Amino acid sequence: MEEIEVVDLDIGKLLLDDGVEISKIVLSGIDANIYRDKNIPFDYSKFPKLPHQALGQIKTYLNIGKVEIRKSVLLYEQLSEGAEIVGGVPIKDLYATIYNVTNNRNVIATNGPMKWDVQLKLFDVGELSLAVDFPKDLNENSFSFSGKMGEMDMLAFNQITVPTERLKVKKGTIKSMEFNAVANNDISSGTLVMNYSDLKIEVLKEYKEEEQKRLGLVSSLANTVIRSFNPGRKGNKEPEQAEIFFERDKNKGIINYLVKSLISGIKGSIIPGFGMTLEKYEKQQEKETKKEKRKH
Numbered sequence: 038m039e040e041i042e043v044v045d046l047d048i049g050k051l052l053l054d055d056g057v058e059i060s061k062i063v064l065s066g067i068d069a070n071i072y073r074d075k076n077i078p079f080d081y082s083k084f085p086k087l088p089h090q091a092l093g094q095i096k097t098y099l100n101i102g103k104v105e106i107r108k109s110v111l112l113y114e115q116l117s118e119g120a121e122i123v124g125g126v127p128i129k130d131l132y133a134t135i136y137n138v139t140n141n142r143n144v145i146a147t148n149g150p151m152k153w154d155v156q157l158k159l160f161d162v163g164e165l166s167l168a169v170d171f172p173k174d175l176n177e178n179s180f181s182f183s184g185k186m187g188e189m190d191m192l193a194f195n196q197i198t199v200p201t202e203r204l205k206v207k208k209g210t211i212k213s214m215e216f217n218a219v220a221n222n223d224i225s226s227g228t229l230v231m232n233y234s235d236l237k238i239e240v241l242k243e244y245k246e247e248e249q250k251r252l253g254l255v256s257s258l259a260n261t262v263i264r265s266f267n268p269g270r271k272g273n274k275e276p277e278q279a280e281i282f283f284e285r286d287k288n289k290g291i292i293n294y295l296v297k298s299l300i301s302g303i304k305g306s307i308i309p310g311f312g313m314t315l316e317k318y319e320k321q322q323e324k325e326t327k328k329e330k331r332k333h
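Numbering (the numbering used here), first residue to last: 38 to 333.
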């Protein structure tokens, strides 16, 4: 980190009231690396709270007007189980502002709840903006997020998909992407519209000798099921909307939750009808509720 700037720290409140009152914190030039080795057993004893709920559990007074992150970079690397090559997601030109970091309900009533505004460059090519809005009630478990991304060469995804998913993008271009969703402690749901063209993928997989000839078939099948153009080339003027739906992994934090939610929408755009939807989830929950009632 190149620089930390703390603006208007209330020394009196800190010394006399054991509270933290700061107008602004600026963090510049962060260079962070997050590494995940999936060959190492995961710690399932941790259940991280959503950010606003975590604020609500802090006992001492806290009020930071805003936290700014400037000109920073982040590299997420993952070694999948049994893999030899590490996949990576480089994030550059990271700028973020976190507004109203407070656990005081009176301050929230006056200034509004916490909000995140983030801008970054994904894989050094895709300009992504994200807004996350948290509720005024720190006990409430819901929040919302929205954002958009500009044009991006989809070959960039190979940095993570080839080592971790054995999936190679051979060509394709995202022209634009917009998303909007609501989430709580259990699920996220919303919509994603991805305008893209000329997508072609190849499934990379290790086969036994007698199955080698099937590689071409698997690759061909992958390109049959996927939607290569959105909007389609025949008459469709507007790209079709996909559904965002994800069940939160409660052993992981909000960043994982947001990323997996977006991935669900991207997959739903590329493979229509893919995966779980809110409607399917609600029907599943209804069936499970009926089963429980029968037991009693």
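Cβ atoms here follow ideal geometry from the backbone N, Cα and C, with glycine treated the same way. Keep in mind that this is a model prediction, so the values were computed, not measured.
Under the three-state reduction of DSSP, which class applies to residue i: helix, strand or coil?
i: threonine 134; result: strand
i: arginine 142; result: helix
i: glycine 290; result: coil
i: leucine 87; result: coil
i: asparagine 76; result: coil
i: glutamine 322; result: helix
i: serine 265; result: coil
i: glutamate 42; result: strand
i: arginine 331; result: helix
i: valine 296; result: helix
i: lysine 50; result: helix
i: glycine 312; result: coil
i: lysine 304; result: helix
i: glycine 93; result: helix
i: leucine 252; result: Because leucine 252 carries a pLDDT of 47, less than 50, the predicted location of this residue cannot be relied on, and no value is offered for it.
i: lysine 103; result: strand
i: lysine 317; result: helix
i: methionine 151; result: coil
i: tyrosine 81; result: coil
i: phenylalanine 283; result: strand
i: valine 57; result: strand
i: isoleucine 122; result: coil
i: tyrosine 98; result: coil
Based on Cα-Cα distance, which residue from the options lies nearest to residue i?
i: aspartate 174; options: Leu99, Ala146, Val110 and Lys212; result: Ala146
i: isoleucine 291; options: Gly66, Ile59, Glu42 and Pro85; result: Pro85
i: glycine 125; options: Glu118, His89 and Glu114; result: Glu114
i: methionine 313; options: Ile197, Ser298 and Val219; result: Ser298
i: alanine 218; options: Pro88, Glu280, Pro200 and Lys289; result: Glu280
i: arginine 73; options: Glu118, Glu58 and Gly93; result: Glu118
i: glutamate 239; options: Ile263, Pro172 and Ile95; result: Ile263
i: leucine 46; options: Val57, Ala193 and Ser234; result: Val57
i: tyrosine 81; options: Lys320, Ile308, Ile106 and Lys287; result: Lys287
i: aspartate 54; options: Asn76, Glu39 and Lys96; result: Lys96
i: valine 199; options: Ile122, Lys83, Lys50 and Phe160; result: Ile122
i: alanine 220; options: Gly310, Leu51, Leu92 and Asn293; result: Asn293
i: leucine 192; options: Lys158, Val43 and Leu236; result: Leu236
i: lysine 289; options: Lys108, Lys83 and Leu92; result: Lys83
i: methionine 214; options: Ile307, Gln321, Pro78 and Met38; result: Ile307
i: tryptophan 153; options: Lys207, Asp161, Ile106 and Lys129; result: Ile106
One question on the structure: do residue i and residue j come within less than 8 Å of each other, judged by their Cβ atoms?
i: phenylalanine 180; j: aspartate 170; result: yes
i: phenylalanine 282; j: leucine 229; result: no
i: leucine 116; j: alanine 69; result: no
i: leucine 204; j: leucine 241; result: yes
i: tyrosine 132; j: methionine 151; result: no
i: glycine 209; j: phenylalanine 216; result: no
i: asparagine 176; j: leucine 87; result: no
i: tyrosine 233; j: isoleucine 211; result: yes
i: isoleucine 303; j: methionine 231; result: yes
i: glutamine 90; j: asparagine 178; result: yes
i: isoleucine 128; j: lysine 108; result: no
If we require 3 or more residues per run, which beta strand (DSSP E) segments fall completely within the region 164–249?
For secondary structure counted as the beta strand (DSSP E) over 3 or more consecutive residues, the region 164–249 holds these complete runs in sequence order: 180–186, 204–220 and 224–240.
Pairing CB atoms from the region 82–102 with CB atoms from the region 134–145, are three or more of them under 8 Å?
Yes: the two stretches touch, three or more of their Cβ pairs being nearer than 8 Å.
Three-pair Cβ contact test at 8 Å for the region 184–198 versus the region 160–169:
Judged by Cβ distances under 8 Å, the region 184–198 makes contact with the region 160–169, as three or more pairs qualify.
Contact between the region 55–71 and the region 266–274: three or more CB pairs below 8 Å?
Short answer: they don't touch.
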